[in-house]
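Student: Here you go, one structure.
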Amino acid sequence: MSTPPEPEQSDRFRTAMAILIALVTLLGAALGARAALISTAAGDADFYGLTAALNAEETRALNTLTMYGNYRAYTAYTRYNVLGDMIWDDLEKNADEAQSAVLEKDMRMAWALAVAVNNFFPARYLNRDGQYDSERELGEAWAEAAMKKDLDPEPHFVAANFLRSKVSRLLVVIILFSAAVWFFTLAQGLRHALRYVLAAGGVGLTLLGIAAALLEELMREAGI
């Protein structure tokens with residue numbers, strides 16, 4: 000049979016367990032608060048990512064709508080110009096006087112309409128061959144919008160995933176501390192020699208949790 004521990008020794012052991020329980024509880028609470036803050040930051044990153052995604056879709060839709068409106072004006076401009084040129088060719092073929100008067104009127108009208116429509120699309124997007132550069136217009140519109148608001152959601156979602164992984168690791172450490180408290184509580188209530196084994200297990204879990212917390216802090220400073 001094992002010899003019962005002396006009352007004074009038992010009291011010191013219980014006091015030590017109580018101190019360890021309080022210490023580990025405080026460490027777990029601190030890590031819990033930190034995990035909560037990081038989780039909030041992850042939620043904010045998700046929000047900013049969704050906002051950027053909505054901004055991007057809205058910008059893409061508005062830019063495309065504007066571009067097609069400009070392109071429609073460009074096609075009307077091209078059509079009237081070509082029509083005026085074709086009438087000019089007919090006039091060059093020595094049409095009779097009556098036809099010439101009508102054709103000349105139609106030619107001037109077509110060119111006048113081309114000049115009028117020319118004001119409804121940005122001429123800077125016309126290439127040297129007369130084609131309309133819609134891709135350039137969309138690219139410049141996107142770049143201009145990106146200077147005013149966030150259009151790139153990917154960095155925010157990457158940051159949110161990174162922060163959530165940190166929360167997961169911190170939760171593992173908190174579980175280690177919780178298990179250590181459970182070991183210390185059991186050891187505190189026992190008078191058998193098994194309590195020393197439980198206490199040693201609790202100390203081991205505590206040290207493992209502290210090492211993991213320190214490693215997480217080093218990873219944070221390194222940006223990992």
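In numbering that gives the first Met the number 0, the protein residues as written are 0 to 223.
All C-beta atoms in this analysis are idealised placements derived from N, C-alpha and C, irrespective of residue type, glycine included.
#1: Locate the alpha helix (DSSP H) running through ASN160, then write down its first and last residues.
#2: Count the other C-beta atoms from every protein chain shown that fall within 10 angstroms of the C-beta of SER1, then say buried if there are 16 or more, exposed otherwise.
#3: Cβ of TYR131 within 9 Å of Cβ of TYR79?
#4: Would you report the Cα separation of PHE161 and ARG123, rounded to the nearest angstrom?
#5: Look at the alpha carbon of LEU207 and the alpha carbon of LEU175, and state the distance between them as a whole number of angstroms.
#6: Tell me LEU125's beta-bridge partners as DSSP assigns them.
#7: Can the beta-carbon of ARG194 be found less than 9 Å from the beta-carbon of LEU185?
#8: Could you give the DSSP three-state label for SER1: helix, strand or coil?
#9: When you compare each of PHE183, GLY200 and ASN69 to PRO121 by their alpha carbons, which one comes out closest?
#10: Assuming LEU225 and THR58 are in contact, meaning their beta carbons sit under 8 Å apart, how far apart are those beta carbons, in whole angstroms?
#11: Rounded to the nearest angstrom, what separates TRP181 and PRO154 at their Cα positions?
#12: Tell me, please, whether the region 100-115 touches the region 23-34 by the rule of three or more beta-carbon pairs shorter than 8 Å.
#13: To which residues of the same chain is ILE20 closer than 6 Å at the C-beta, ignoring the five residues directly before and after it?
#14: Counting only the same chain and skipping the five closest in sequence on each side, list residues whose C-beta sits under 7 Å from that of LEU125.
#15: Tell me which residues share the same chain as ILE209 and place their Cβ nearer than 8 Å to its Cβ, disregarding the 5 neighbours each side in the sequence.
#16: Less than 8 Å between C-beta atoms, sequence neighbours within five positions excluded: which residues of the same chain meet that for GLU215?
#17: Closest by CA to VAL116, which one among ALA211, GLY42 and THR77?
#18: From PRO152 to MET146, what distance separates their C-alpha atoms?
Tutor: Per the coordinate set shown:
#1: Locating residue 160 in the sequence shown gives position 161, where the first residue counts as 1. That run of the alpha helix (DSSP H) goes 153-188.
#2: Against the sequence shown, residue 1 aligns to sequence position 2. With a pLDDT of only 47 at SER1, under 50, the local geometry of the prediction cannot be trusted, and no value is derived from it.
#3: For the purposes of this step, residue 131 is identified with residue 132 of the sequence shown, where counting begins at 1. For the purposes of this step, residue 79 is identified with residue 80 of the sequence shown, where counting begins at 1. No, Cβ-Cβ distance for TYR131 and TYR79 is not below 9 Å.
#4: For this step, residue 161 is matched to residue 162 along the sequence shown. For this step, residue 123 is matched to residue 124 along the sequence shown. Their backbone Cα atoms lie some 44 Å apart in a straight line.
#5: Taking the sequence shown and counting its residues from 1, one reaches residue 207 at position 208. Taking the sequence shown and counting its residues from 1, one reaches residue 175 at position 176. Near 8 Å, if we compare the C-alpha coordinates of LEU175 and LEU207.
#6: Against the sequence shown, residue 125 aligns to sequence position 126. Answer by DSSP bridge pairing, in chain order: TYR131.
#7: Numbered from 1 along the sequence shown, position 195 holds the residue referred to as residue 194. Numbered from 1 along the sequence shown, position 186 holds the residue referred to as residue 185. Taking 9 Å as the Cβ cut-off, ARG194 and LEU185 qualify as a contacting pair.
#8: In the sequence shown, the residue the question calls residue 1 occupies position 2. For SER1, the predicted structure reports a pLDDT of 47, less than 50, and the residue's modelled location is therefore unreliable. The matter cannot be settled from this model.
#9: By 1-based counting over the sequence shown, the position of residue 121 is 122. Answer by Cα proximity: ASN69.
#10: What the structure shows of the chain is the stretch from 0 to 223, and residue 225 is not part of that stretch, so it cannot be assessed.
#11: In the sequence shown, residue 181 corresponds to position 182, counting from 1. In the sequence shown, residue 154 corresponds to position 155, counting from 1. Cα to Cα, the separation comes out at about 41 Å.
#12: Touching, no.
#13: Residue mapping note: residue 20 aligns to position 21 of the sequence shown, counting from 1. Hits under 6 Å: VAL180 and PHE183.
#14: Within the sequence shown, numbered from 1, the residue matching residue 125 stands at position 126. Correct list, in chain order: TYR131.
#15: Position 210 of the sequence shown holds residue 209. The residues are LEU26.
#16: In the sequence shown, the residue the question calls residue 215 occupies position 216. The residues are LYS165, ARG168, LEU169 and VAL172.
#17: Counting from one through the sequence shown, the residue named residue 116 turns up at place 117. Answer by Cα proximity: THR77.
#18: Your numbering for residue 152 matches position 153 in the sequence shown. Your numbering for residue 146 matches position 147 in the sequence shown. If I take the Cα positions, the gap works out to 15 Å.
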